[in-house]
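Count the sequence shown with this note's numbering and you get residues 3 to 158, in order.
First up is the structure itself, then whatever we jot down about it.
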Amino acid sequence: MSRYAPLPPDTFDRLSGLDTLRAMIAGDLPAPPMAGTLNFDLIEAEGGRVVFAGTPLEAHLNPAGTVHGGWAATILDSALACAVHATLAVGERYTSVEMKLNYLRPILAGKTGRLTCEGKVIQRGRTLALSEARLVDSGGKLYAHASETCMIFPKA
């Protein structure tokens with residue numbers, strides 16, 4: 003099995019969301035290809051909470067020489083959505099509906115270092131879930147924060 007690949011199509015029908023995420027961390031299921039491209043990984047998962055960690059690289063720079071905002075947006079979106087994923091029952095599916103993001107300071111490849119992004123569900127209903135996430139450095143300095151709404155598709 004490749005380390006990075008889409009999930010097998012039947013995963014949502016066999017495993018809860020939390021079990022799926024834990025299998026990804028253990029290496030029993032692949033991580034999404036985007037995580038390999040952007041050099042970040044899921045490192046913790048519990049009900050309604052996840053943590054990603056990654057180090058932006060020179061390949062992630064924008065023309066101004068700072069890490070492209072898309073890097074931060076993608077790790078935040080991953081944490082926001084996977085926090086919701088960690089609440090799913092077997093057979094449930096979900097998708098992001100909207101995301102609000104605030105950038106607070108520039109991320110510098112080779113200087114900022116490893117960043118962690120914790121996502122937490124703040125409200126979970128039958129068809130909608132709200133989550134929030136924070137992107138911080140090893141000293142706890144906040145680089146960006148975001149919130150997201152996900153639509154949940156109940157088990158058919």
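Backbone N, C-alpha and C fix where the C-beta goes; we use that ideal spot for every residue, glycine too.
Would you kindly check if the distance between the Cβ of residue j and the Cβ of residue i is under 8 angstroms?
| i | j | result |
| --- | --- | --- |
| L132 | I154 | no |
| V92 | D43 | no |
| R136 | E150 | no |
| Y145 | A74 | yes |
Identify the residues that DSSP records as bridge partners of residue i: which are they?
| i | result |
| --- | --- |
| T89 | T89 pairs with nothing; no bridge assigned. |
| V138 | T118, L144 |
| A111 | According to DSSP, which records beta bridges pairwise, A111 is partnered with nothing at all. |
| K157 | For K157, which the question treats as bridged, DSSP gives no partner whatsoever. |
| L103 | A148 |
Around the Cβ of residue i, are there at least 16 other Cβ atoms within 10 angstroms (buried) or fewer (exposed)?
| i | result |
| --- | --- |
| K122 | buried |
| G56 | buried |
| G50 | buried |
| V53 | buried |
| D12 | exposed |
| D30 | exposed |
| A37 | buried |
| L106 | exposed |
| S140 | exposed |
Does residue i come out as helix, strand or coil in the three-state DSSP assignment?
| i | result |
| --- | --- |
| D12 | coil |
| E48 | strand |
| G56 | strand |
| T68 | coil |
| L2 | For residue 2 there is no data in the structure shown, the boundaries of the chain being 3 and 158. |
| R95 | strand |
| A33 | strand |
| L17 | coil |
So residue i and residue j are supposed to be a Cβ contact under 8 angstroms. How far apart are they, rounded?
| i | j | result |
| --- | --- | --- |
| L20 | A47 | 6 angstroms |
| A111 | L63 | 6 angstroms |
| P58 | I124 | No, P58 and I124 are not in contact; Cβ-Cβ is about 27 angstroms, not under 8 angstroms. |
| R126 | T89 | 5 angstroms |
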